[in-house]
Amino acid sequence: MSTFQLEIQLVATVVAAACALPGTFLVLRRMAMMSDAISHAILPGIVVGFFLTGNLSSPLLILGGAAAGLLTVVLVEWIRKTNRVREDAAIGLVFSSLFAVGVILIARFARDIHLDTDAVLLGELAFVPFDRLILAGRDLGPQALYAMGMAGILCLGFILLFYKELKLATFDRALCATLGFLPGILHYALMGLISMTAVAAFDAVGSILVVALMVGPPVSAYLITNRFGYMILYSVALGMTASIAGYWIAHLLDASIAGCMAVMVGVQFAVLFCIAPEQGVLAAWKRRRHQKWQFAIKMLVIHLLQHEATPEADRECRMDHLQDHMAWEAAFAEGVVSRAVSQNFLNTVGEYLELTTEGRELAREAIIHT
Amino acid sequence: MNAVEVRDLTVAYRESPVLWDIDLDVAPGVLMAIVGPNGAGKTTLIKAILGLLKPAAGQIRILGKPYRRVASLMGYVPQRGTVDWDFPTSVLDVVLMGLYGRIGWVRRPGRSERREAMEALEKVEMTGLAHRQIRQLSGGQQQRVFLARALVQDARVYLMDEPLQGVDATTERAIIDILHSLRSSGKTVLAVHHDLQTVSSYFDEVLLLNVRRIASGPVSKVFTDTNLRLTYGGRIAIIKGAP
Numbered sequence: 000m001s002t003f004q005l006e007i008q009l010v011a012t013v014v015a016a017a018c019a020l021p022g023t024f025l026v027l028r029r030m031a032m033m034s035d036a037i038s039h040a041i042l043p044g045i046v047v048g049f050f051l052t053g054n055l056s057s058p059l060l061i062l063g064g065a066a067a068g069l070l071t072v073v074l075v076e077w078i079r080k081t082n083r084v085r086e087d088a089a090i091g092l093v094f095s096s097l098f099a100v101g102v103i104l105i106a107r108f109a110r111d112i113h114l115d116t117d118a119v120l121l122g123e124l125a126f127v128p129f130d131r132l133i134l135a136g137r138d139l140g141p142q143a144l145y146a147m148g149m150a151g152i153l154c155l156g157f158i159l160l161f162y163k164e165l166k167l168a169t170f171d172r173a174l175c176a177t178l179g180f181l182p183g184i185l186h187y188a189l190m191g192l193i194s195m196t197a198v199a200a201f202d203a204v205g206s207i208l209v210v211a212l213m214v215g216p217p218v219s220a221y222l223i224t225n226r227f228g229y230m231i232l233y234s235v236a237l238g239m240t241a242s243i244a245g246y247w248i249a250h251l252l253d254a255s256i257a258g259c260m261a262v263m264v265g266v267q268f269a270v271l272f273c274i275a276p277e278q279g280v281l282a283a284w285k286r287r288r289h290q291k292w293q294f295a296i297k298m299l300v301i302h303l304l305q306h307e308a309t310p311e312a313d314r315e316c317r318m319d320h321l322q323d324h325m326a327w328e329a330a331f332a333e334g335v336v337s338r339a340v341s342q343n344f345l346n347t348v349g350e351y352l353e354l355t356t357e358g359r360e361l362a363r364e365a366i367i368h369t
Numbered sequence: 000m001n002a003v004e005v006r007d008l009t010v011a012y013r014e015s016p017v018l019w020d021i022d023l024d025v026a027p028g029v030l031m032a033i034v035g036p037n038g039a040g041k042t043t044l045i046k047a048i049l050g051l052l053k054p055a056a057g058q059i060r061i062l063g064k065p066y067r068r069v070a071s072l073m074g075y076v077p078q079r080g081t082v083d084w085d086f087p088t089s090v091l092d093v094v095l096m097g098l099y100g101r102i103g104w105v106r107r108p109g110r111s112e113r114r115e116a117m118e119a120l121e122k123v124e125m126t127g128l129a130h131r132q133i134r135q136l137s138g139g140q141q142q143r144v145f146l147a148r149a150l151v152q153d154a155r156v157y158l159m160d161e162p163l164q165g166v167d168a169t170t171e172r173a174i175i176d177i178l179h180s181l182r183s184s185g186k187t188v189l190a191v192h193h194d195l196q197t198v199s200s201y202f203d204e205v206l207l208l209n210v211r212r213i214a215s216g217p218v219s220k221v222f223t224d225t226n227l228r229l230t231y232g233g234r235i236a237i238i239k240g241a242p
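Here it is, written out as structure tokens:
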């Protein structure tokens with residue numbers, strides 16, 4: 000592996016981690032769409048920052064972008080509060096307008112610089128190693144690594160410091176306010192961090208991947224844990240693995256790195272959605288199947304209990320009878336009986352079905368509790 | 000000194016009033032039911048007393064002081080539906096949140112806080128479920144968790160928004176027992192309540208509310224057919240049990 004490759008992967012994993020940290024809160028606050036809005040709306044802020052400094056790698060760009068991101072949040076909330084427009088429509092309205100302003104500014108005033116709309120949307124990780132931080136003649140590595148590293152450290156520090164407060168503000172805003180923890184300020188601080196992360200990341204991975212990395216890993220992590228702290232941890236880990244896997248797939252296919260990373264985020268979700276231990280569809284399917292058999296066993300033992308030791312027992316408590324009276328297919332009836340036998344609820348004597356003590360108990364309990 | 004004192008409180012949403020000129024006095028150690036039809040402003044009143052809403056006019060004093068200075072003396076039990084029960088956290092964690100105010104910024108709950116939270120869970124008979132994920136709780140269990148969270152706050156005044164909504168008879172009994180034990184330790188409880196039949200057996204005083212204050216005071220005095228008709232606009236048939 001060359002230094003170039005290593006540097007690209009390093010930047011990609013730092014981007015993933017920095018996005019997953021605040022992304023977890025967006026997902027839990029049901030504001031995933033806000034990442035989409037912010038990551039696009041930062042464009043005019045970046046352009047204006049560029050006009051002011053004439054330098055694409057100035058920290059002023061980050062401030063400008065973050066301000067534009069916050070402006071989006073404020074505008075969306077302001078429009079929503081008028082109760083004329085719903086939140087999703089307000090988000091769509093605000094970010095597309097701000098993004099368009101950015102596009103016009105670029106087209107009108109900045110046509111001949113590197114800042115073009117393609118780069119904003121898709122980024123280009125492969126070029127990251129060319130833009131280097133050089134201090135006093137020494138090469139310190141790709142600039143993006145430092146910008147992203149700073150954003151990541153700020154996110155991490157903020158979340159570690161205010162973990163308890165952020166958790167409360169996300170779960171129960173009203174209690175957060177009554178206890179004096181200023182949920183409004185926490186909210187804007189979080190949105191400011193998200194804007195800043197989006198600005199730092201857009202140059203490397205583009206605004207679309209920012210959305211993928213902020214929303215995808217937390218949603219996947221949500222499928223495999225019931226604990227808040229672990230959800231943050233797993234989001235970061237999932238984002239980082241998706242970016243490394245995406246890099247190598249892009250390498251193999253000679254395709255866009257950012258694109259392959261986003262696809263890997265989707266693949267991760269699809270896989271976990273299927274196989275997650277409690278919430279996966281496979282687990283749910285198994286649970287339902289198990290319940291179906293258990294329910295059939297209950298029906299059977301209740302039927303047997305009703306007819307046990309009655310004159311018609313000889314007729315009713317027989318294997319072949321289940322097909323007529325319970326309207327069960329032969330194979331299903333056999334399945335139910337064999338499961339009931341293996342769970343020790345009944346014995347078969349030829350065609351005749353005989354309840355065990357456990358079977359009788361199960362039937363009585365089932366009758367009482369329904 | 001009254002536990003809760005509301006003077007000329009008006010809360011408006013834009014220019015339409017949700018609460019009109021409310022006056023209310025609640026003495027310490029009283030269990031008061033807040034009763035009224037949908038849209039009467041019951042939740043709004045609770046939120047205003049808690050300082051979560053800015054009133055258009057009026058004054059609220061808790062234990063003789065303005066809200067800001069006594070925030071820590073108030074316990075809040077919101078409606079069950081106001082939070083996301085799919086949030087990835089455990090029962091014990093939710094109860095611990097009641098202690099966050101006392102813990103203050105940045106510091107994390109420690110062993111002694113966890114012990115307090117467990118004690119509160121014991122009072123609502125939920126110790127066995129302390130580490131259960133909250134998504135797996137039944138409605139009654141959710142309500143008990145909220146109550147435990149308010150209990151650890153060790154407040155002087157409790158404001159509860161429909162603490163008995165959607166719970167089974169056992170839980171209802173358990174919650175009422177807790178409210179009564181809060182009263183005997185001198186706490187004041189204001190609870191939004193929907194079941195008119197049980198007002199007189201569960202509560203000492205009642206506030207009949209429908210945007211305006213229709214009446215408030217001891218149940219035996221103000222919980223009358225006339226007042227109820229005024230509150231509900233004559234649209235209900237009133238069936239009252241024996242006092």
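Protein sequence lines, in the order shown, are assigned to chains A and B. Okay, so the first sequence: first residue is 0 according to numbering that gives the first Met the number 0, each after it adds one. Okay, so the second sequence: first residue is 0 according to numbering that gives the first Met the number 0, each after it adds one. The C-beta atom is built at its ideal place from N, Cα and C for all residues, glycine as well.
Rounded Cβ spacing between residue i and residue j (contact assumed at less than 8 Å)
| i | j | result |
| --- | --- | --- |
| residue 72 (chain B) | residue 40 (chain B) | Not really, about 24 Å apart at Cβ, beyond 8 Å. |
| residue 119 (chain B) | residue 154 (chain B) | With a Cβ gap of about 12 Å, residue 119 (chain B) and residue 154 (chain B) do not count as contacting. |
| residue 194 (chain A) | residue 68 (chain A) | 2 Å |
| residue 209 (chain A) | residue 18 (chain A) | 6 Å |
| residue 277 (chain A) | residue 127 (chain A) | In fact, because the Cβ distance is near 39 Å, the residues do not count as touching under 8 Å. |
| residue 97 (chain A) | residue 43 (chain A) | 6 Å |
| residue 257 (chain A) | residue 205 (chain A) | 6 Å |
| residue 90 (chain A) | residue 33 (chain A) | 7 Å |
| residue 43 (chain B) | residue 49 (chain B) | With 8 Å as the limit, residue 43 (chain B) and residue 49 (chain B) do not qualify as a contact, their Cβ atoms being about 11 Å apart. |
| residue 246 (chain A) | residue 11 (chain A) | 6 Å |
Between the CA atoms of residue j and residue i - distance to the nearest angstrom
| i | j | result |
| --- | --- | --- |
| residue 172 (chain B) | residue 196 (chain B) | 14 Å |
| residue 269 (chain A) | residue 248 (chain A) | 17 Å |
| residue 226 (chain B) | residue 20 (chain B) | 18 Å |
| residue 240 (chain B) | residue 324 (chain A) | Its pLDDT being 49, under 50, residue 240 (chain B) is placed unreliably in this model, and the coordinates cannot settle the point. |
| residue 284 (chain A) | residue 117 (chain B) | 36 Å |
| residue 13 (chain B) | residue 68 (chain B) | 28 Å |
| residue 231 (chain A) | residue 165 (chain A) | 12 Å |
| residue 107 (chain A) | residue 102 (chain B) | 55 Å |
| residue 197 (chain A) | residue 252 (chain A) | 27 Å |
| residue 16 (chain A) | residue 136 (chain A) | 30 Å |
| residue 242 (chain B) | residue 218 (chain B) | Summary for residue 242 (chain B): the model assigns pLDDT 43, below 50, so the residue's position carries little reliability, and this model does not support an answer. |
| residue 213 (chain A) | residue 266 (chain A) | 15 Å |
| residue 133 (chain A) | residue 125 (chain A) | 19 Å |
| residue 203 (chain B) | residue 214 (chain B) | 14 Å |
| residue 290 (chain A) | residue 227 (chain A) | 30 Å |
| residue 15 (chain B) | residue 82 (chain A) | 14 Å |
Within 8 Å, strictly: CB atoms of residue i and residue j
| i | j | result |
| --- | --- | --- |
| residue 125 (chain B) | residue 144 (chain B) | yes |
| residue 186 (chain A) | residue 211 (chain A) | no |
| residue 354 (chain A) | residue 304 (chain A) | yes |
| residue 150 (chain A) | residue 199 (chain A) | yes |
| residue 297 (chain A) | residue 244 (chain A) | no |
| residue 264 (chain A) | residue 20 (chain A) | no |
| residue 6 (chain B) | residue 58 (chain B) | yes |
| residue 33 (chain B) | residue 191 (chain B) | yes |
| residue 121 (chain A) | residue 207 (chain A) | yes |
| residue 47 (chain B) | residue 76 (chain B) | no |
| residue 47 (chain A) | residue 75 (chain A) | no |
| residue 330 (chain A) | residue 318 (chain A) | no |
| residue 41 (chain A) | residue 157 (chain A) | no |
Name the residues in the region 154-183 of chain A whose C-beta lies less than 9 Å from a C-beta of chain B; which are they? Near chain B, meaning a CB-to-CB distance below 9 Å, the residues of the region 154-183 of chain A are 160, 161, 162, 163, 164, 166, 167, 169, 170, 171, 172, 173, 174, 175, 176, 177, 178, 179, 180.
What residues from the region 35-63 of chain A come within 9 Å of chain B, judged by C-beta to C-beta, listed N to C? none
Does the contact criterion of 3 or more C-beta pairs under 8 Å hold for the region 206-226 of chain A versus the region 163-174 of chain A? no
Stretch-stretch touch, CB-based, cutoff 8 Å, three pairs: the region 86-97 of chain B with the region 187-198 of chain A: no
Spell out a yes or no on whether the region 21-40 of chain B and the region 328-338 of chain A are touching, meaning 3 or more CB-CB pairs, one atom from each, closer than 8 Å. no
Selection of the region 56-80 of chain B by Cβ proximity to chain A, strictly under 7 Å: 70, 73, 75, 77
Can you find at least 3 beta carbon pairs, one from the region 175-183 of chain A and one from the region 95-104 of chain A, that sit closer than 8 Å? no
How about the region 175-188 of chain B and the region 27-39 of chain B: do they share at least three Cβ pairs that are nearer than 8 Å? yes
Can you list, in chain order, the residues of the region 121-146 of chain B whose Cβ is nearer than 8 Å to any Cβ on chain A? 132, 134
Touch test, the region 121-135 of chain B against the region 163-180 of chain B, Cβ-Cβ under 8 Å, three pairs minimum: yes
Compile a chain-ordered list of the residues in the region 188-202 of chain A whose CB is closer than 7 Å to at least one CB of chain B. Listed by position, the residues of the region 188-202 of chain A near chain B (Cβ gap below 7 Å) amount to none.
So if I threshold CB-CB distances at 7 Å, which residues from the region 6-30 of chain A count as touching chain B? Of all residues in the region 6-30 of chain A, 27 have a Cβ within less than 7 Å of some Cβ in chain B.
Name, going along the chain, the residues of the region 210-223 of chain A whose beta-carbon falls closer than 8 Å to a beta-carbon of chain B. 221
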